[in-house]
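Novice: Heads up: the sequence shown begins at 60 in the numbering used here, then just goes up one per residue.
All C-beta atoms in this analysis are idealised placements derived from N, C-alpha and C, irrespective of residue type, glycine included.
None of the values given here were measured: they were computed from a predicted structure.
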Amino acid sequence: MKTLQIDFVSDVACPWCAVGLNAFEKGLQQAGPDVQVQLQFQPFELNPDMPAEGADTVAYLSAKYGIDETQIRANQARIRDMGAAVGFTFGARPRVWNTFDAHRLLHWAGLLGKQRELKHALLTAYHGQGRNPGAHDVLLELAIAVGLPADEAQRILAGDTYAAEVRAAEREWQQAGIRSVPSVVINRKHLIQGAQSPEAFAQALRRVAETETEAG
Numbered sequence: 060m061k062t063l064q065i066d067f068v069s070d071v072a073c074p075w076c077a078v079g080l081n082a083f084e085k086g087l088q089q090a091g092p093d094v095q096v097q098l099q100f101q102p103f104e105l106n107p108d109m110p111a112e113g114a115d116t117v118a119y120l121s122a123k124y125g126i127d128e129t130q131i132r133a134n135q136a137r138i139r140d141m142g143a144a145v146g147f148t149f150g151a152r153p154r155v156w157n158t159f160d161a162h163r164l165l166h167w168a169g170l171l172g173k174q175r176e177l178k179h180a181l182l183t184a185y186h187g188q189g190r191n192p193g194a195h196d197v198l199l200e201l202a203i204a205v206g207l208p209a210d211e212a213q214r215i216l217a218g219d220t221y222a223a224e225v226r227a228a229e230r231e232w233q234q235a236g237i238r239s240v241p242s243v244v245i246n247r248k249h250l251i252q253g254a255q256s257p258e259a260f261a262q263a264l265r266r267v268a269e270t271e272t273e274a275g
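1) Quick check on this structure: which residue in F260, P257, A111, K248 has the alpha carbon closest to the alpha carbon of E271?
2) What does the Cβ neighbour count give for A261, buried or exposed, with the cut at 16 atoms within 10 Å?
3) Restricting to Cα atoms, I'd like to know which of E269, R266, A254, A263 is closest to I138.
4) Based on the DSSP secondary-structure assignment, which residues constitute the bridge partners of A77?
5) List in chain order: all unbroken alpha helix (DSSP H) runs of 4+ residues lying wholly within the region 85–134.
6) DSSP state of I215, grouped into three classes?
7) From Q89 to E128, what distance separates their C-alpha atoms?
8) Going by DSSP, name the residue or residues bridged to T62.
9) Thinking C-alpha only, which one of P74, V225, C73, W75 is nearest H162?
10) Assign R154 to one of three DSSP states: helix, strand, or coil.
11) My output table needs one value for I237: the three-state DSSP class, helix, strand or coil.
12) Since Q252 sits in a beta bridge, which residues does DSSP pair it with?
13) Name the DSSP beta bridge partners of F67, please?
14) By DSSP, does T270 sit in helix, in strand, or in coil?
15) Could you spell out where the alpha helix (DSSP H) holding A72 opens and where it closes?
16) CA-CA distance, L216 and L164?
17) To the nearest angstrom, report how far apart A202 and H179 are at their CA atoms.
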């Protein structure tokens, strides 16, 4: 079997991305040892114009999607249940934050082979603990926790290192037609959109792996 290139387009601020990543990883396990993947996280910002101070979650979602607090709470309960089904525990998320610096750090982590670990740490910090994924002290703490060098992390956060690379990647995926997340792209040509079940991910991975192998 050939190794499949997986581009997981997502945002730290997206609760469905937390569900989708856990479901994808469970699906990958179900797909069996013949399915090997190279996983890379690609940036997408749900709230690119969010100021540093963030915004109240309910007020922001109500204004953005035109839904009331009752609907928002119902959606959050549904997401919590779906998260629990794939092993992700949601906590309170009172505010929505800007995630651009988190994407810069994720880009760097990818160069050092630590992207997956940092992605999980960021999702847990925000969706599980309600912490600010744009705050430099939080980002530095998480970077150190997953084994990234502290001095380099501080230098990156203090400047605009990898900003151009993140912007370019965001444009690339938007131009490719990605308008919502999570979006899982296999070998740059097979798209799986949304937080699917582990079984759906497993089936898709096996099918693409078999097709790619037959194609030589």
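Specialist: With the structure as the only source:
1) Here the question's residue 271 lines up with position 212 in the sequence shown. The residue from F260, P257, A111, K248 with its alpha-carbon nearest to that of E271 is K248.
2) The residue given as residue 261 occupies position 202 in the sequence shown. With 16 or more Cβ atoms within 10 Å of its Cβ, A261 is classed as buried.
3) Your numbering for residue 138 matches position 79 in the sequence shown. Out of E269, R266, A254, A263, A254 has the C-alpha closest to the C-alpha of I138.
4) Counting from 1 along the sequence shown, the entry for residue 77 is found at position 18. Bridge partners of A77: none, in fact.
5) 116–124
6) For this step, residue 215 is matched to residue 156 along the sequence shown. Reduced to three states, the DSSP call for I215 is helix.
7) Locating residue 89 in the sequence shown gives position 30, where the first residue counts as 1. Locating residue 128 in the sequence shown gives position 69, where the first residue counts as 1. Looking at the two C-alpha atoms, the distance is approximately 37 Å.
8) The sequence position of residue 62 within the sequence shown is 3, counting from 1. T62 is bridged to Q95.
9) As a first step, residue 162 must be located in the sequence shown, where it is residue number 103. When each option's Cα is compared against that of H162, the closest is V225.
10) The residue you call residue 154 lines up with position 95 of the sequence shown. Residue state, collapsed to three classes: strand.
11) Taking the first residue of the sequence shown as position 1, residue 237 is located at position 178. Residue state, collapsed to three classes: coil.
12) Here residue 252 is taken as the residue at index 193 of the sequence shown, counted from 1. In DSSP, Q252 forms a bridge with S242.
13) The count along the sequence shown starts at 1 and reaches residue 67 at position 8. Assignment of beta-bridge partners to F67 by DSSP yields F100, V243.
14) In the sequence shown, counting from the first residue as 1, residue 270 sits at position 211. T270: helix per DSSP, three-state reduction.
15) By 1-based counting over the sequence shown, the position of residue 72 is 13. Element bounds for A72: n/a, residue is neither H nor E.
16) The residue given as residue 216 occupies position 157 in the sequence shown. The residue given as residue 164 occupies position 105 in the sequence shown. So the alpha carbons of these two residues sit roughly 8 Å apart.
17) As a first step, residue 202 is located in the sequence shown; it is residue number 143 there, counting from the start. As a first step, residue 179 is located in the sequence shown; it is residue number 120 there, counting from the start. Answer to the nearest angstrom: the Cα atoms are 11 Å apart.
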